[in-house]
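Enquirer: Residue numbers (full-length UniProt numbering), protein chains in the order written: chain R, 1 to 515; chain G, 1 to 515.
Even glycine gets a Cβ: it sits at the ideal position worked out from N, Cα and C.
One structure follows; several queries about it will come next.
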């Protein structure tokens, strides 16, 4: 979720993009957060780690069957812990939500939508992509969830700014071309003689020529890299003229062509085959579906000297430990005896709004007509992005993500009826793709994460990673907290998994000591 | 094939990369090659186009069951032409060659290799990737060949130059960072005041800050975009320091991180599921396997007033027309009566050497240890590239392409025995991946395309697209030529397909006129 990436780096640590890496190193040290390799090492609890007391198993109640809760139950289960997962929603998975034909989607203060997608079609309403370095991919391997490439960057996709639509590849070629040309000129004029040695200058010019596809006079006059008006075949292709420097800078195009530059957004990315919830399905299987009680809303949490008691709307449960894997703002509303500091800390992170719409079309015109196979078009419209499906290429139908927006844009769409969301999304998308964008729509479902029952936010933003953050990384009595919101991978499933592992490690060490 | 891309743009039209786009426009006009939309339009021959004479079908003999020959037979078959395809090799496909366990690979003046890959493993010895704008993808759709993403660019892959190995993402981040910083400095110093307006300057600086991930003083001091020494989890990740400008320029790294900039190499690219030869299989099915005679070496071609006669080593065949879809240097050696000019033209393009090795490993260490899922590592070693498989992620085994080299490097490997090729490839790859690169190799097969019987070259290079090129785009008597070598898409299957369509169109127009 690239907005999340900006949020994390920009707003959360209050430094980020604007501050540069140097500032980040410093801040990390100041907060005592500089991680070590040790943080990444994880040894799953094993049956043989200790002889569990009593009936041979400590009992753990886990609040929330999202990715953090399920991962905790899965890892604890490896050592034979007796886990019960309480989930307030109708099904497990939390924000890992894939919608298919027949699925119901209720909304706070809104109508219940019924997805009417065709057979085999799906819409990842929550997370949609996995970076190769993320723990999520390790769990896919361990659980046997097959993965395929999620096309995040597509040179053939569009960038739409200031009313102008152009291919990403053309925008990049022009920007790179002018940057290379300008720097070559400045170098030639000796403007950088103090900064760059004579030897480096020659090498730099060689790089700039290649980087910008410059002509013999180190000028940029367009490039095949922009793509062609007519692609080569029997004869050479025909090229469109490049935009002027002024035009390519004017529309803010440059901001929208860097989507794959971040460490979490770089090519390639991955997705489970058949829908993101394949991870939920496999985790549920491994945990045991009978251990997960859905439709169970927790109403009270009491930590005791010898255990923990959790009350839910259908009964109560006593356990040795609790893992609270709920969103912090939801958890904060549940009566508990963990102290005012914990409540204050839980209330610190701010929920962020985000929304998505899935639009099923009767034909894959983006492939046959626009030659866009997967990827994302970036816009300065309130839809922000259009995602093209990275699966089912050349099949009959397909589901686009017609918007994926956050904050103010998401709130704007969130207050609309599902019909009005669709209408608005189609009107905006038409500006990029023309009239065909409004034709042949078979079904649609839209989600406003900040209006989802028992979730109430797409993710959270910490005003600062201060003592509230570190407080909740440790247990309160016998209650351990877990969730992406307790990591530096907010809005990523990998964060939920890392956090679950940390909670499991702490809980298990204590259980072994007291066994 | 990126070397091919450079060849086409650099050497073939004699202008290319060094000349820039401006020069290319001019050259296109001068050669009369500027294509029109009309060139791209293709109407397949249909049964109803005319009532074919005699038994209702004109007879066509097609020389070569490579992609051009098969495409011609397929398109002609749509109108009921009676096609016979003569193929000198043991099986159809030509350079579209996928090797699996049990396959034999003979070589001119070399031993026969036997591929010993495990069940389900394969190695695309020829073409491996398809750009989304290419005709190849349309044929995949039309023929029902499922496609998946071929990861061509991978930020996690390595660039190895001057003895230094670094992640592609780190090399790019450093190069972009310094380019942005230097241009920002030059702009600040007023070096570009004549070239850039005041308004553009502010916008340019904004872009440069984002493009280079610069700090508040517009300096580059490293970036999360480089990737992390320890990736973020519970705590922020730890960053390695960036290379110095001198270091990042010194090794020529910049030349090797632009692999996806070209119009034919941009992300995303595609491959047929299960092996490139799925295209051959489906074309063969559509043409009818009984129409393709393999092991049939053509020894004479005679164009006559009323037809064409082709002699092969097992007999002769008379037909109304012939489509010669052989490599030009192979065709040139076959006795014919098409005239000295045709022979001279066929001898004009120069065959290019290229080689590949497929290495099957017992585990996918590149995924589990290096976090490289598909993609290409670029090197300045004689192996040039290492390709990681874009399929079978997380499965037990996998086949790497241990080298894909051309010209001198390919000739160097070509003269070695298969064992020595493997040994050398493993020694080179170890420089990047360490000792594990030489461990767990289960099987290997290497191909030297310039030593392949009846092919004798990976592709060709035209010294110039002169009258020889245009001569062969027209029929000689009743013989039509086809192949990627007759297009501006040399070394791409799309070229073979475009050329086949052009030959079919010309042949069909003539057949309709004379019907």
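(1) Out of G:383, G:65, G:512, G:88, which one is the CA nearest neighbour of residue 297 of chain G?
(2) With a CB to CB cut of under 7 Å and the five nearest residues on each side skipped, what residues in its chain are close to residue 267 of chain R?
(3) Apply the 10 Å Cβ neighbour rule to residue 26 of chain R and answer buried if 16 or more other Cβ atoms are within range, or exposed otherwise.
(4) Could you work out which residue in G:362, G:93, G:344 is closest to residue 436 of chain G when comparing CA atoms only?
(5) Kindly confirm or deny that the segment 457-477 of chain G and the segment 339-350 of chain G touch, where touching means at least three C-beta pairs closer than 8 Å.
(6) What is the C-beta distance between residue 121 of chain G and residue 399 of chain G, in whole angstroms, given that I count them as a contact (C-beta under 8 Å)?
(7) Please confirm if the segment 404-416 of chain G is in contact with the segment 345-364 of chain G, defined as three or more CB-CB distances below 8 Å between the two stretches.
(8) If you reduce the DSSP assignment to three classes, tell me which class residue 106 of chain R lands in.
(9) Counting Cβ pairs closer than 8 Å, one from the segment 66-84 of chain G and one from the segment 288-295 of chain G, do we hit at least three?
(10) Report the partner residues of residue 309 of chain G according to the DSSP bridge assignment.
(11) Less than 8 Å between CB atoms is the rule here; does residue 196 of chain G satisfy it with respect to chain R?
(12) What residue from R:345, R:427, R:343, R:347 has the CA that sits closest to residue 383 of chain R's CA?
(13) Measuring only the C-alpha atoms, how far is residue 220 of chain G from residue 172 of chain G?
(14) Ends of the beta strand (DSSP E) at residue 473 of chain R?
(15) In terms of residues, what are the limits of the beta strand (DSSP E) holding residue 158 of chain G?
(16) Starting from the Cα of residue 258 of chain G, find the closest Cα among R:203, R:211, R:335 and give me that residue.
(17) So, are the CB atoms of residue 67 of chain R and residue 452 of chain R less than 8 Å apart?
(18) Is the CB-CB distance between residue 164 of chain G and residue 229 of chain G below 8 Å?
(19) Should residue 310 of chain R be flagged as near chain G, meaning a C-beta pair shorter than 8 Å?
(20) Using a Cβ cut-off of 8 Å (strictly closer), state whether residue 133 of chain R contacts chain G.
(21) Can you name, in chain order, every residue of its own chain whose Cβ lies under 6 Å from the Cβ of residue 387 of chain R, other than the five neighbours on each side?
(22) Considering only the alpha carbon of each residue, which of G:483, G:502, G:161 lies closest to residue 254 of chain G?
(23) In angstroms with no decimal places, state the Cα-to-Cα distance between residue 439 of chain R and residue 365 of chain R.
(24) Give me, in chain order, the residues of the same chain whose beta-carbon lies closer than 6 Å to that of residue 326 of chain G; leave out the 5 immediate sequence neighbours on both sides.
(25) For my contact list, residue 145 of chain G and residue 256 of chain G are in at a C-beta cut-off of 8 Å; report their separation, rounded to the angstrom.
(26) With the cut-off set at 8 Å, would you say residue 246 of chain R and residue 200 of chain G are in Cβ contact?
(27) For residue 77 of chain R and residue 287 of chain R, which I take to be in contact (beta-carbon distance under 8 Å), what is that distance rounded to the nearest angstrom?
(28) Which residue comes first and which comes last in the beta strand (DSSP E) that contains residue 81 of chain R?
(29) Is the number of C-beta pairs between the segment 265-285 of chain R and the segment 128-140 of chain R that are closer than 8 Å three or more?
(30) What did DSSP end up calling residue 456 of chain R once you bin it into helix, strand or coil?
(31) Quick one: which chain R residues come within Cβ less than 8 Å of residue 262 of chain G?
(32) Who are the near neighbours of residue 316 of chain R in its chain, counting only those whose CB is closer than 7 Å to its CB and skipping five residues on each side?
(33) Can you find the residues in the same chain that come closer than 6 Å, C-beta to C-beta, to residue 233 of chain R, ignoring five residues on each side of it along the sequence?
(34) Comparing alpha-carbon positions, which option in G:117, G:127, G:156 lies nearest residue 94 of chain G?
(35) Quick check on residue 112 of chain G: buried or exposed, where buried means 16 or more other Cβ atoms within 10 Å of its Cβ?
(36) Please report the distance separating the alpha-carbon of residue 177 of chain G from that of residue 214 of chain G.
Expert: Taking the geometry as given:
(1) G:88
(2) 152, 153, 260
(3) For residue 26 of chain R, the predicted structure reports a pLDDT of 35, less than 50, and the residue's modelled location is therefore unreliable. A value from the coordinates is still provided. Exposed, by the Cβ-count rule.
(4) G:362
(5) yes
(6) 5 Å
(7) yes
(8) strand
(9) yes
(10) G:302, G:318
(11) yes
(12) R:427
(13) 13 Å
(14) Taken as a continuous stretch (DSSP letters only), residue 473 of chain R belongs to no beta strand (DSSP E), as it is neither H nor E.
(15) 158-161
(16) R:211
(17) no
(18) no
(19) no
(20) yes
(21) 376, 401
(22) G:161
(23) 10 Å
(24) 63, 64
(25) About 32 Å; that fails the 8 Å criterion.
(26) yes
(27) 6 Å
(28) Neither: residue 81 of chain R is in no beta strand (DSSP E) and is coded neither H nor E.
(29) yes
(30) coil
(31) 224, 225
(32) 309, 310
(33) none
(34) G:127
(35) exposed
(36) 7 Å
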